[in-house]
Structures are given as structure tokens and as C-alpha cells.
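Reading through the C-alpha cells given below for one structure.
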Amino acid sequence: MNSAKVVRTRFAPSPTGFLHVGGIRTALYAWLLARQNDGKFILRIEDTDKAREVANSDQHIIDSLNALGLNYDEGPDISGDYGPYRQSERIDIYKRWAKKLLDSGRAYADPYSPAEVQKFRETAQKNKQPFLYRNHRPNNPPEWDGSQPLRFKSEPKGYTWSDAVMGNLSTGPEVIDDFIILKSDGYPTYNFAHIVDDYEMKISHIIRGQEFLASTPNYLNMYEALGIERPILATMPHILGPTGNKKLSKRDGAKDVLDYLADGILPTTLVNFIASLGWNDGSEQEVFSVPELIEKFSLDRVQKSGARFDEKRLTWMNGVEIRSMDIDKLYELTKDYLPEESNNYDNEYNKAVVKITQERLKYFKELPELTQFFFKEPQSKEVLNLFQDPKNKQLKKLDRKQINDLLHATINTLEKSSFDKADLESKLNQLLVDKQSKPGILFSIIRIAVSGAPASPQLFDTLQVLGKDKSMERLRKATELLN
RNA sequence: GGCCCCGUCGUCUAGCGGUUCAGGAUAUCUGGUUCUCAUCCAGAAGAUCGCGGGUUCGAAUCCCGCCGGGGUCACCA
């Protein structure tokens, strides 16, 4: 390989739906490679199958890449020097290359009907043989008039080649076959179109999933027939679903990456997580920033075996990133996830709520659950239940009157508090001494009265943010409940 | 069925013939941090490195066989 060659990688999805983590990983690795080498990352839409095409999914794919920060330098919506970047707009190019093959005797019209080919296939299957079209290759194929599929006339032989991820691979001639290059509707197949496009677009590395491994020898045969140099091949292992027994697929409930973002998984976390699914730099580092990934990524450290997608690990990683975030930035990203009632409060208050919730937040969608009592009155029933929670070993020992007594004492004490954290802390600590109580009891009671929630931020923070008016009101209301 | 790829704690992985036959992370459990949840800290449990041979003074690391899993054999990509 020419080492001075410019790195040009591409992501070439077909617009048949959304992108899941498997697809994104292929895009991400191609992107990392391009960015690392000051190369170009290209988006090419492979829309040659009109039947499977899903309306607007090309836009959805573009949105997904943009949302993750995987910016491309050339693509259908931004053009470039090697366009068009939509295969349906490149039909003439494929026809031209097909003509070359035809002229050199390396392509021929397929005279059979689909039903006839299907019959061949079934016979092969029944005999437990792989299906090879070339076993039925016609001796005198008809003149190609454009209405029949055009097939590649292969030259079966064994291959040994090197894959940037998989290492040295080899196969025998039995896997080489006459595949269709132009369908009867005039569109090219992937098998042909991608070879032409990658060449014309000067792609240096093809990064793609393992499902293409079996047809790679056929591609090698095609490169030879066309007399063109092939790019570096890098084959990614599959990402497996949670059960680990098959590749992740939309059919089996793989999630749209945009759904993860909508749940409040950070784009950078998703990138980090997906990158480390099947790749590591050999150190014990687990969390990488995007610039670090660009710097450290390498194809030869990509795992050969498939990896299972574990959402729990993703959630952990997101929590790590959330905790390390600047509060202003975090608030900007999370304010729309707060409960609806937060609209009745000002930004300062809302931001303070987010701030004291930051360290227990794993993804933004949890926010309403975690913060609701800052915006809504606690339910009386919940408060009472929590006071009587049998799981609370400390509180369990007290009767209602004793609890109420402590609540009254708290009210008396806090009447005189400025409600800033330091003052709350010193006054309540003093109360602890005065009433000869324990944090496990007194603080528990206050926390429950004020939040009505099984979980909340630290007490002094909660009181300070909630403010004196609301806190006092809730404490009084709790005493009434206990009467 | 043919061909190809893969196989280390539940999960993601380090390891590339011998300071480490097993390290890290996560998940789980326990203890600690003025209350809960979370964080943080400490600790526990968890992999006879798919199995069986072989090469070697010595193998998770090399070779062979087997088993298991996956992919592919489309006018889909």
C-alpha cells in the first residue's frame, strides 16, 4: 500500500430505517480513522433497493450522525468532489463500468427467470450443497438488452488476503460465483456498486460488518476483473443483542441511537461506549474523551469476537460523565427533562435542583422521578407510609407522638434559620444534641416530611433549595397528618 | 449441508511462551461516609482461560482434532 495515500473512509448505509449501535460503530470507526489521519469521512447513501427503502430514513441517518458529532466532509446534503453521494443518482456510472465488463467478456445476461433460479437454489439446498449460480452458467447467453439481470462472469480461484481487523484470511475457489451486478430494474447491486463507488471516490479503507466477509472473495475477483486496486479492508465483528446469541438487529428490538439520546444518554458517552465495545487501547483506561479516541484508536486493536451490548455499562458510563460536567452545561441539557411544573419556577431554582441531583443522575429521563418533590407537594399518603416504613430500623421504634414531637421541635428551630446550608447544618446539629436524637431518626423524619420520597438529595441541600416557605409549610402539614 | 470467522469472571476486556493460571472495569453482595437514594472509600464473591491431545524445561498464549456460537450461500445491503 502506498503509505502517502490520503485516508478517505466512508459510511455507506442503506436508507431502510434508523441506525442502531451496530451501524453507528461502523460509522464511528471510519470517522475516527479519518480524523486521526487528517483524512476525509464520507457519507454515501446506498439506495439501490427501492422496495426496502423507508421514506425519510436518509434524513434520520444524517440526524443521527450529526447528533453524535460524526461530521462528514462529503455527502449527499453537502456535496463534494466525488459526488453524487446517493447511488440512485449514479446509475450512469454503474452502467459505464458494467459496459466495460460486458466488452471484456466478464459480464453476461442472465437468461433465467427468477423462478428458474429459485429452482436451482432449492435443488442445491435439498442436496445440502451451497448454491452456485455458475454451475448453471449458460453456454450462449442472449444479447443483454437491459431487461435481464446482468451477471459477473467470475474466474473462480482461491484467495489469501489480509484484513486490518481479522488478520490473514483465505478461501478456496468454491466460494466464487457469478453474482448479479445490474438488476433487471436497472439498479446495481451493492456487490457491484460499492466497488465502483469506492474506487471512484478514492476510498482508502472499507470498514464494514462481518456479514460481508463471506462475499469478500467475490469482491476480490471483481477488483481483478476491473483491473483496479482494492482499498484496505477492515471487517468488524458483530455487536450482539443482550442475549448474546445473535447479531444486534432492528428486528430483535435494537434501539435507535436517537432514542438513547432522547433518554438522556450523552452523545459523547454513546460514542465512548460504542468505541470501547470491541476496542481498547491496551491500558486500563475505561473512559475516553472524543479527542482521546481520535488519538488512540487503531484498527489492529479492534476485537475479532463479537461483543454483547450491555445497557447497564452504558448507564454507568453516562453517570460518570454527568458527574464530571459543569453545572451550567448540565442544566442547559437537562432543563427540558424536569417535571412540567418546573415551568412555574425560575431558572435559578431549577438549576439548583439539578445541581444537587447531579451526582445521582444516570440519564436525564430519570429527572422527573428524582426531583418531583421540588415542584409538587408531597402526597400525604406517601409521607405517612414512609414514617411507618418497617424497613426503616430507626424510625420503627418511635410512635406517632414521638415523631410529631420531633417535628414540632424542628419547626421551632427552623423558624429562626436563614435557610442557608451552613446555618441549617448548625441549627439542626444543635437540635440533635438538645433532643438527644440521632441523625438516623431526626434527619430521617425531616427528610420524609419535606420530600415524601423514598430518595432525595442530602438533607441540608434539599432544605436550602426548597427554601424556608415551602419547607416550613411541609413540616407543618406533616404534623397535622400525625395528629 | 458447504465455506468463513469467533470462543478468558454474568457482561466489556488485559494478556500475545516464563517478574501475572490470570489483572482492570461493570454488574452483584458486605462494611464505612451525620438521614434515604446515589456518590466516594474499603472489602467479598466471581474465569480449572470451550474440551481433548500434542510441541516445549515451561502454554490462556504455538500445532492438531473436537465441541459450541455466529456469519454467509438474494435481482438486501
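In the working numbering, the protein residues as written are 1072 to 1554.
All C-beta atoms, glycine included, are put in the ideal place defined by N, C-alpha and C.
In this structure, the beta-carbon distance from Pro1302 to Ile1247 does not fall below 8 Å. Per DSSP, the continuous alpha helix (DSSP H) segment holding Trp1387 begins and ends at Glu1382 to Arg1394. For His1131, the enclosing alpha helix (DSSP H) covers residues Ser1128 to Ala1138. Within the DSSP bridge table, the entry for Phe1082 names Leu1114 as partners.
Listed in chain order, the non-local C-beta contacts of Glu1412 below 7 Å within the same chain comprise Phe1446 and Lys1447, local neighbours out to five positions each way being set aside. Within the region 1277–1355, the complete alpha helix (DSSP H) runs of at least 4 residues fall at 1287–1297, 1328–1333 and 1338–1346. With contacts defined by Cβ atoms closer than 8 Å, Ala1083 and Arg1115 form a contacting pair. Lys1224 and Tyr1179 do touch by the CB rule: their CB atoms are close to 6 Å apart, below 8 Å. Restricting attention to Lys1541, Ser1347, Leu1478 and Gly1349, the CA atom closest to the CA of Leu1552 is found in Leu1478. Boundaries of the beta strand (DSSP E) harbouring Ser1233: Tyr1230 to Asp1234, taken from the DSSP string.
Comparing alpha-carbon positions, the option among Gly1280, Pro1308, Leu1457 and Lys1273 lying closest to Ile1299 turns out to be Lys1273. According to DSSP, Gly1238 shares a beta bridge with Asp1234. In this structure, the beta-carbon distance from Pro1259 to Thr1119 falls below 8 Å. Contact annotation: the region 1159–1177 does not touch the region 1186–1206, with fewer than three C-beta pairs closer than 8 Å.
Taking a C-beta distance under 8 Å as the contact criterion, Thr1484 and Phe1435 do not qualify as a contact pair. With respect to the 8 Å criterion, Arg1545 and Leu1530 are not classified as neighbours on the basis of their beta carbons.
For Lys1548, the closest C-alpha among the options Asp1491, Leu1455 and Ser1508 is that of Leu1455. In the DSSP assignment, the residues bridged to Val1373 are Trp1350. Per DSSP, the unbroken beta strand (DSSP E) holding Tyr1179 starts and ends at Ala1178 to Ala1180.
Relative to Ser1522, the option among Leu1441, Asp1476, Asp1494 and Phe1368 whose CA is nearest is Leu1441. Segment contact: the region 1382–1389 against the region 1408–1422, fewer than three CB-CB distances shorter than 8 Å; contact not assigned. Boundaries of the beta strand (DSSP E) harbouring Ile1252: Ile1251 to Leu1253, taken from the DSSP string.
According to the DSSP assignment, Leu1221 belongs to the beta strand (DSSP E) that extends over Leu1221 to Phe1223. A check of alpha carbon separations from Pro1185 across Ile1251, Pro1410 and Leu1341 identifies Ile1251 as the nearest. DSSP places Pro1185 inside the alpha helix (DSSP H), whose first and last residues are Pro1185 to Lys1197.
For the options Glu1363, Arg1431, Asp1371 and Ser1369, the alpha carbon positioned closest to that of Ser1395 is the one of Arg1431. Here the alpha carbon of Leu1103 sits roughly 32 Å from the alpha carbon of Ala1296.
The closest CA to that of Lys1539, considering only Ala1493, Glu1496, Ser1489 and Asp1505, is found on Ser1489. Remark: C-beta atoms of Val1092 and Phe1283 do not approach each other more closely than 8 Å. Short of 6 Å from the beta carbon of Glu1453, and not among the five residues preceding or following it, lie these beta carbons of its own chain, in chain order: Gly1523. A straight-line Cα-Cα distance of about 25 Å links Pro1244 and Tyr1270. Within the same chain, Cβ atoms closer than 6 Å to the Cβ of Thr1340 are found at Met1388, Asn1389 and Glu1392, the five residues on either side in sequence being excluded. In the DSSP annotation of this structure, the continuous segment of the alpha helix (DSSP H) that includes Arg1471 starts and ends at Arg1471 to Leu1485. Following the DSSP letters along the chain, one finds Phe1089 in no alpha helix (DSSP H), marked with neither H nor E.
Short of 6 Å from the beta carbon of Ser1241, and not among the five residues preceding or following it, lie these beta carbons of its own chain, in chain order: Thr1231.
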